[in-house]
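Engineer:
Numbering (my numbering), first residue to last: 329 to 748.
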């Protein structure tokens, strides 16, 4: 609940206003479900209102839900289940996720270094028995930092490294982390601030990396840990091998302290945002694809391959020099091995297309099946977003004053008020 006085009011009076929204939250949260669940709490005290605040505040968000603890997904399953099913490509509440962290099952293919600049695999892990970032207490966050940093500092061989607390970070170390592109700063995005994930920063936050600077862990950002394996070039199997080894070693040290990662047979690894359930894996490459970028089918081709393309610096950014971030689209319902292999195979095909386009040749004969269907769905989604934005703008537009003909025109909103 928002506060203890809330129980004095009928739940119908609390139902959010979703006018102008096009999120999965607004689609599946009916007044009936809200009234049924409003006064329900998880064992840690997380409520439906806290879970939906992120989506209520942001009409342009696609999901609009965040978990505050492991039990959120079961206590509020009546809302979360249909959202998860639509977002994760039809994954039903009766389905079980598959976990497979076996690097030997991934092909030895090395992606063409003339096109692939770097390769990276990251995931999130949360520790059972603690609340998640939207609901975590300062004492919990500090205990998580202590537990994880000690586990990381116990690693050896190629994983030997150093931990940097953001609260006590020296200026020279801060500059080095900035130069290495490792530092995460105080979150200012609406996703973090509306979700309550930026509280108390930098208390309990930190960064660890190995001496080789190809294995990195963020502590207490969106999840308890974000674990990243990376290197220059296109040897994704080597990146995955290091990723699996590091995860296994960190988990072993945490288990020695009587703790374990959040995981269940249905949803796999439990993460704060439902979009990351399952593997939590984002396997990505930075690839130079300027000719593909000129082809209107680029996006739908990626979708048909179950890939996602982003700008050079990630979501909501533009490509620089024809460089795109290409990653797996799926997290839930397929294993880590399958997702990594899908990126390898998909990027190989995109590079093959790029080479043909460079020579002025057609790619029609190698465009994957499902591209036209993906293009139609993207057009439909774009049209819905435009309609929702127009509806929202219409609500904000002041009524004309017919009594005054010399009234000044309404002041336009800053472009920073809406997500482009």
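Note that the Cβ used here is the ideal one computed from N, Cα and C, for glycine as well.
Candidates 697, 666 and 652: which alpha carbon is nearest residue 682's?
Structural biologist: Of the candidates 697, 666 and 652, the one whose C-alpha sits nearest the C-alpha of residue 682 is 652.
Engineer: Kindly give me the distance between the Cβ atoms of residue 611 and residue 412, rounded to whole angstroms, as I take these residues to be in contact under 8 Å.
Structural biologist: Actually they do not touch by this definition, with Cβ atoms about 21 Å apart.
Engineer: Between the alpha carbons of residue 345 and residue 378, how many angstroms are there, rounded?
Structural biologist: For residue 345 and residue 378, the distance between alpha carbons rounds to 15 Å.
Engineer: So which of 563, 570 and 356 has the shortest CA-CA distance to residue 538?
Structural biologist: Of 563, 570 and 356, the residue nearest in Cα terms is 570.
Engineer: Measuring straight from C-alpha to C-alpha, what distance separates residue 441 and residue 567?
Structural biologist: Spanning the two alpha carbons is a distance of roughly 15 Å.
Engineer: How many angstroms separate the CA atom of residue 635 from the CA atom of residue 554?
Structural biologist: Looking at the two C-alpha atoms, the distance is approximately 21 Å.
Engineer: Which one or two residues does DSSP pair with residue 356 in a beta bridge?
Structural biologist: Paired residues: none, contrary to the question.
Engineer: Count the other CB atoms within 10 Å of the CB of residue 550; is the residue buried (16 or more) or exposed (fewer)?
Structural biologist: With 16 or more Cβ atoms within 10 Å of its Cβ, residue 550 is classed as buried.
Engineer: Given this structure, state the Cα-to-Cα distance separating residue 439 from residue 680, to the nearest angstrom.
Structural biologist: Near 11 Å, if we compare the C-alpha coordinates of residue 680 and residue 439.
Engineer: Quick check: what's the CA-CA separation for residue 443 versus residue 407?
Structural biologist: Their backbone Cα atoms lie some 43 Å apart in a straight line.
Engineer: For a minimum of 3 consecutive residues, which ranges assigned as the beta strand (DSSP E) are wholly contained in the region 619 to 680?
Structural biologist: Fully enclosed beta strand (DSSP E) runs of 3 or longer: 635 to 638 and 651 to 656.
Engineer: Quick one: what's got a C-beta closer than 8 Å to residue 483's C-beta in the same chain, skipping five residues either side?
Structural biologist: 489, 538, 574, 577, 578 and 581.
Engineer: Is the separation between the beta-carbon of residue 382 and that of residue 557 shorter than 7 Å?
Structural biologist: No, these two residues do not count as a Cβ contact at 7 Å.
Engineer: Taking residue 474 as the reference, which of 594, 418, 659 and 455 has the closest Cα?
Structural biologist: Per the Cα distances, 455.
Engineer: Less than 7 Å between the C-beta atoms of residue 564 and residue 672, yes or no?
Structural biologist: Going by C-beta atoms, residue 564 is nearer than 7 Å to residue 672.
Engineer: Could you work out which residue in 543, 342, 512 and 531 is closest to residue 360 when comparing CA atoms only?
Structural biologist: The shortest C-alpha separation from residue 360 is found at 342.
Engineer: Among residues of its own chain, excluding the 5 on either side of residue 646, which ones have a beta-carbon nearer than 8 Å to its beta-carbon?
Structural biologist: The residues are 639 and 640.
Engineer: Could you tell me whether any non-hydrogen atom of the ligand ADP is closer than 6 Å to the CB of residue 482?
Structural biologist: Here there are no bound small molecules, and the ligand ADP is not part of this structure.
Engineer: In the structure shown, what three-state DSSP assignment does residue 700 receive?
Structural biologist: Helix at residue 700.
Engineer: Which whole-angstrom value describes the C-beta separation of residue 657 and residue 699, a residue pair presumed to lie in contact below a C-beta threshold of 8 Å?
Structural biologist: So it is not a contact: roughly 14 Å between Cβ atoms.
Engineer: Leaving out five residues on either side along the sequence, give the residues of the same chain with a beta carbon under 8 Å from the beta carbon of residue 376.
Structural biologist: Answer for residue 376: 362, 365, 366, 368, 404 and 407, listed in chain order.
Engineer: List the endpoints of the continuous alpha helix (DSSP H) containing residue 369.
Structural biologist: Segment: none, residue 369 is in no alpha helix (DSSP H) and carries neither H nor E.
Engineer: Among 704, 702, 694 and 674, which residue has its Cα nearest to the Cα of residue 437?
Structural biologist: When each option's Cα is compared against that of residue 437, the closest is 674.
Engineer: Assuming residue 466 contacts residue 528 under a Cβ cut-off of 8 Å, what Cβ separation, rounded to an integer in Å, is found between them?
Structural biologist: At roughly 6 Å, the Cβ-Cβ gap stays under 8 Å, so residue 466 and residue 528 are in contact.
Engineer: Give me the Cα-Cα distance between residue 495 and residue 534, rounded to the nearest whole angstrom.
Structural biologist: Their Cα atoms are separated by approximately 8 Å.
Engineer: Given this structure, state the Cα-to-Cα distance separating residue 352 from residue 373, to the nearest angstrom.
Structural biologist: If you take the alpha carbons of residue 352 and residue 373, they lie about 24 Å apart.
Engineer: According to DSSP, simplified to helix, strand and coil, what is residue 615?
Structural biologist: Strand at residue 615.
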